[in-house]
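This report concerns only the one structure given below.
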Amino acid sequence: MWVLQTPFSVKQVHFSSHHYYSTHRYSRPPLCFFSPSTTTTEENKNNNQLIQSLCKQGSLKQALQVLCKEPNPTQQTYELLIYSCAHQNSLSDGLDVHRHLVDSGSDQDPFLATKLINMYSELGSIDHACQVFDETQDRTIYVWNAVFRALAMVGRGEQVLDLYAQMNWRGIPSDRFTYTYVLKACVNSASTVFPLQKGKEIHAHILRHGYEGRIHVMTTLLDMYARFGCVSNANAVFSAMPVKNSVSWSAMIACYAKNGVPMKALELFQLMVLEAHDSVPNSITMVSVLQACAALSALDLGRLIHGYILRRGLDSTLPVLSALITMYGRCGKLVLGQRVFDQMKKRDVVSWNSLISNYGMHGFGKRAIQIFEKMTYQGFSPTPISFVSVLGACSHAGLVKEGKTLFESMVSKYGIHPSMEHYACMVDLLGRANRMDEAIRIIEDLRSEPGPKVWGSLLGSCRIHCNVKLAERASKALFELEPWNAGNYVLLADIYTEAKMWNEVKRVKKLLEARGLQKIPGCSWIEVKRTIYSFVSVDGINPQNEELHALLLKLSSEMKEQGYVPQTKVVLYDLEEEEKERIVLGHSEKLAVAFGLINTAKGETIRITKNLRLCEDCHSVTKFISKFADREILVRDVNRFHHFKDGVCSCGDYW
DNA sequence: GTAGGGTTAG
1 MWVLQTPFSV KQVHFSSHHY YSTHRYSRPP LCFFSPSTTT TEENKNNNQL
51 IQSLCKQGSL KQALQVLCKE PNPTQQTYEL LIYSCAHQNS LSDGLDVHRH
101 LVDSGSDQDP FLATKLINMY SELGSIDHAC QVFDETQDRT IYVWNAVFRA
151 LAMVGRGEQV LDLYAQMNWR GIPSDRFTYT YVLKACVNSA STVFPLQKGK
201 EIHAHILRHG YEGRIHVMTT LLDMYARFGC VSNANAVFSA MPVKNSVSWS
251 AMIACYAKNG VPMKALELFQ LMVLEAHDSV PNSITMVSVL QACAALSALD
301 LGRLIHGYIL RRGLDSTLPV LSALITMYGR CGKLVLGQRV FDQMKKRDVV
351 SWNSLISNYG MHGFGKRAIQ IFEKMTYQGF SPTPISFVSV LGACSHAGLV
401 KEGKTLFESM VSKYGIHPSM EHYACMVDLL GRANRMDEAI RIIEDLRSEP
451 GPKVWGSLLG SCRIHCNVKL AERASKALFE LEPWNAGNYV LLADIYTEAK
501 MWNEVKRVKK LLEARGLQKI PGCSWIEVKR TIYSFVSVDG INPQNEELHA
551 LLLKLSSEMK EQGYVPQTKV VLYDLEEEEK ERIVLGHSEK LAVAFGLINT
601 AKGETIRITK NLRLCEDCHS VTKFISKFAD REILVRDVNR FHHFKDGVCS
651 CGDYW
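Just so we're aligned, residue 1 is where the first sequence starts under full-length UniProt numbering, counting upward by one.
Structure, rendered in C-alpha cells:
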C-alpha cells in the first residue's frame, strides 16, 4: 500500500475529471493534487514499479492515482497504462493518461504516440487517434502506420490514401506494413475516383521497392485484386509469389469462390491438397471450398469435403458449420443442413440465418418464419440479414400478410431500420402477389433515391404479371442506374415479347447492342458421379447432344398428346411457331434433365442447377416429365428451388 | 512495436 502525500494547491482543482475530458483539448493545465516536487529518485523508481504492477493486476484506477504523484513516469510505465486503458475499454482513463503525457511532454515520444493512436483506435475514438497523429512532430514509420491502421479499420480508406500521398511527398519510405494498410484502403475508399487504379500504382511501387517476396504484402495485394473482381490479376500475383502458405492459397481459393468461378476454386483446392505440402488447408480455407460446392450444387463433392473436414477436425468453428448448412441447402438437401444445425453444440445468429435462408429458398415460408421466431425466442437478436432471409422466404411462398407484419416489426420490435435491400424484398413480396399499387407506394415513400435492387424487384414482378406500363417506368430508372446490366434489357424485352409489341422488342435489343452488351446465355448443370456436366442452349460439343435432342423430341410429342402446349412466348424473336418450338426445346435446362434421365438410375432424384430464372416452358415440361418418367426432379434456379414430383411443382407455379 | 485469407442475404 502507499500513503497519500500532502495535497498541494492547484489553480484548477474545481475541474472534475469529466468536465475536463469533455473539452477534448490537450492544453496543459496542472494535473496533480499532490506535490510532484518532493519525490526522490528512489521514490520515482518505486512509483513506476507500483504503477506497472497495479496495471498488470488490472487495478487501473489505483495506478492512475499513483501516476498523479509521479513526476517522471518511464516510457514503460506509460506503455502499460495505455495498454490497460485499451484493455479495460475506458476512454475516460485513456484521456486521463493522454493528459499526463502531454503535461510531461512525453506525448512527443513517437513510441508512445504510436501506442496512443492504437489505444484510441481500439477504444473506437478515431478523432482522438487522428489528433495524436496531427500533434506528433517526429513521425516515425510506426506513427504513420498506426494512423493508417486506425483509419483503415473504420473504413476511411480515402483518408488513408490522402495521408499516404503526403507521406510519399515528404519522401518517407514505406515499409511492408504500410503497403498492407494502403492496399486495404484502396478497397474501402468509396470516394476515391479510381481506387483500382490507385491499387495498381501501389502494386508498381511494391515491385519497384523489392517487396515482391514479402508474403503478407503479396497476399494483401492478391486479396485487393480479388475484391475488385480482377481474378486474372489476383492469379498473376499468386502465381508469381516465390513462397506461398496456407493464407495465400486460401486467399486465391476465396477469390475464385467469390467471383463466380467456383470450379476454379475447387481445382485449386485439389492442387493445394495434392501438391502444397507446406500449406495445409485450415478451417478458413474450407469455408471458401464449401461456398464453391454450394454455388455449383455439387452435392457429392460437398459430402466428400464434409468428410474431409470431419477427418481433419476442421468442423470446430461456427463459420465452417454455417457454410456447411448453406452448402447442403443449396445442394437441395434441406435435411442434411438441418442435421448439421441440430448437432451444433453452440450456435450464433449466422447459423440461424443460414437455416432460415435454406427453408426460404425451398419455398417453405412458414417453416422459415417458425425458425425465425424460435431464434428470437432463444434470445438471438435478428440481424438485417435475418430479415432479408425471412422476407425473401415470405416472398417465395406468397406470404404477404406475414411478410408485412415482419417488416413492420423490424423497427418497432428490433430497432432495425430497413435498408434498400429490405425495401427491395417488400417490393418483390407485393409485386409478385400482383399488389402493384402497394409496391409502388413503398417506392414512392422512400426517403432516399430507390436503388437498383428496388427497381429490379419491381421489373421482375412486371415480368410475371406482364405489366408493360410499370415495367417501362422501372427499366427507365434501371437503365440510368446500371446501364451495363444486360439482364434489365432482357427482362423488358421479355415483357414486350409477351405483349407482342415487336417494334418495342427490336428497340430494346438495339439498345442492348448499341451499349455493347450481350444477353447472358442460359446454362444448366448436373452432377453425376462427382462430375459436373454443364449445358448451354446452343451446344454442339457434347457427344450426347443428339441423343438428348432425340429423347426430348420423343417426350415432347408424347406430352403434346397429353395436352402440353409449348410456351413459345418466351422466345424473343418473331419467328415461325415451329422454329420457336425448336428453340425452347433446346433450352439448357431440358438438355440437363434429359441427360439426368439417361445417366442416373431409376428412382434417383435428378438435381439440376440453372444460372437464370426458369422459363415457363421449361417449368411446364419438367412438371410433365416428373409424372411421365416417374422421377423427382429438383431444380435450383437463380432465385429458388423447384421440386417437381407427380406433375406438380413445389412453387405452386408461383415464382 | 504494427500485417495477410473465412460464415448468413442479394
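In this text, a Cβ means the ideal position worked out from N, Cα and C, and glycines have one as well.
Quick check on residue i: buried or exposed, where buried means 16 or more other Cβ atoms within 10 Å of its Cβ?
i	result
Gln-291	buried
Asp-637	buried
Arg-530	exposed
Val-648	exposed
His-642	buried
Val-182	buried
Arg-447	exposed
Phe-148	buried
Leu-310	exposed
Asp-127	exposed
Arg-156	buried
residue 682	Residue 682 lies beyond the residue range present for the chain, which begins at 1 and ends at 655; the question has no answer from this structure.
Phe-194	exposed
Ile-51	buried
His-98	buried
Tyr-164	buried
Asp-342	exposed
Trp-655	buried
Could you tell me if the beta carbon of residue i falls within a distance shorter than 7 Å of some heavy atom in the ligand SAM?
i	result
Val-335	No copy of the ligand SAM appears in this structure; indeed no ligand is present at all.
From what residue to what residue does the alpha helix (DSSP H) around residue i run?
i	result
Lys-401	400-414
Arg-607	No alpha helix (DSSP H) contains Arg-607, which is instead part of the beta strand (DSSP E) from 606-610.
Trp-169	157-169
Val-621	616-628
Asp-428	420-432
Phe-111	110-122
residue 664	What the structure shows of the chain is the stretch from 1 to 655, and residue 664 is not part of that stretch, so it cannot be assessed.
Cys-651	No alpha helix (DSSP H) holds Cys-651; DSSP gives it neither H nor E.
Ala-129	126-135
Asn-485	Careful: Asn-485 lies outside any alpha helix (DSSP H) and carries neither H nor E.
Thr-178	176-187
Met-218	215-227
Gly-451	No alpha helix (DSSP H) contains Gly-451, which DSSP labels as neither H nor E.
Ala-499	Unbroken run through Ala-499: none, as it is neither H nor E.
Ser-395	384-397
Leu-517	Neither: Leu-517 is in no alpha helix (DSSP H) and is coded neither H nor E.
Gln-49	41-57
Val-147	141-153
Which residue comes first and which comes last in the beta strand (DSSP E) that contains residue i?
i	result
Leu-634	633-636
Cys-531	One point to set straight first is that residue 531 is Thr, not Cys, in the sequence displayed. Run containing Thr-531: 531-536, per the beta strand (DSSP E) assignment.
Trp-525	523-528
Lys-645	641-645
What whole-angstrom Cβ distance do residue i and residue j have, given they're in contact under 8 Å?
i	j	result
Asp-107	Leu-101	4 Å
Lys-69	Asn-48	Between Asn-48 and Lys-69 the Cβ distance is about 12 Å, and since that is not below 8 Å, they are no contact.
Leu-459	Leu-429	Not really, about 15 Å apart at Cβ, beyond 8 Å.
Arg-515	Pro-483	6 Å
Val-349	Thr-383	6 Å
Leu-399	Gly-365	5 Å
Tell whether a beta-carbon distance below 8 Å holds between residue i and residue j.
i	j	result
Glu-421	Val-390	no
Cys-462	Ile-440	no
Met-119	Ile-82	yes
Thr-136	Ala-152	no
Val-217	Thr-180	yes
residue 665	Gly-363	Here the chain comprises residues numbered 1 to 655, so residue 665 is not present and cannot be evaluated.
Ile-371	Glu-402	no
Pro-552	Lys-590	A quick correction: the sequence has Leu, not Pro, at residue 552. In contact: Leu-552 and Lys-590 (Cβ atoms closer than 8 Å).
Val-289	Phe-269	yes
Ile-215	Ser-248	yes
Glu-558	Phe-628	yes
Lys-200	Ala-226	no
His-396	Arg-208	no
Asp-454	Ala-424	Residue identity differs from the one stated: residue 454 is Val in this sequence, not Asp. Taking 8 Å as the Cβ cut-off, Val-454 and Ala-424 qualify as a contacting pair.
Lys-184	Thr-219	no
Leu-314	Ser-357	no
Leu-585	Ser-620	no
Phe-111	Gln-75	yes
Original post:
Is there contact here, the segment 293-301 with the segment 320-340, by at least three beta-carbon pairs under 8 Å?
Top reply: yes
Original post:
Is there contact here, the segment 597-612 with the segment 516-523, by at least three beta-carbon pairs under 8 Å?
Top reply: yes
Original post:
Does the segment 338-350 touch the segment 555-569, meaning 3 or more C-beta pairs lie closer than 8 Å?
Top reply: no
Subject >> Given 8 Å, three or more beta-carbon pairs between the segment 600-607 and the segment 623-635 >> reply: yes
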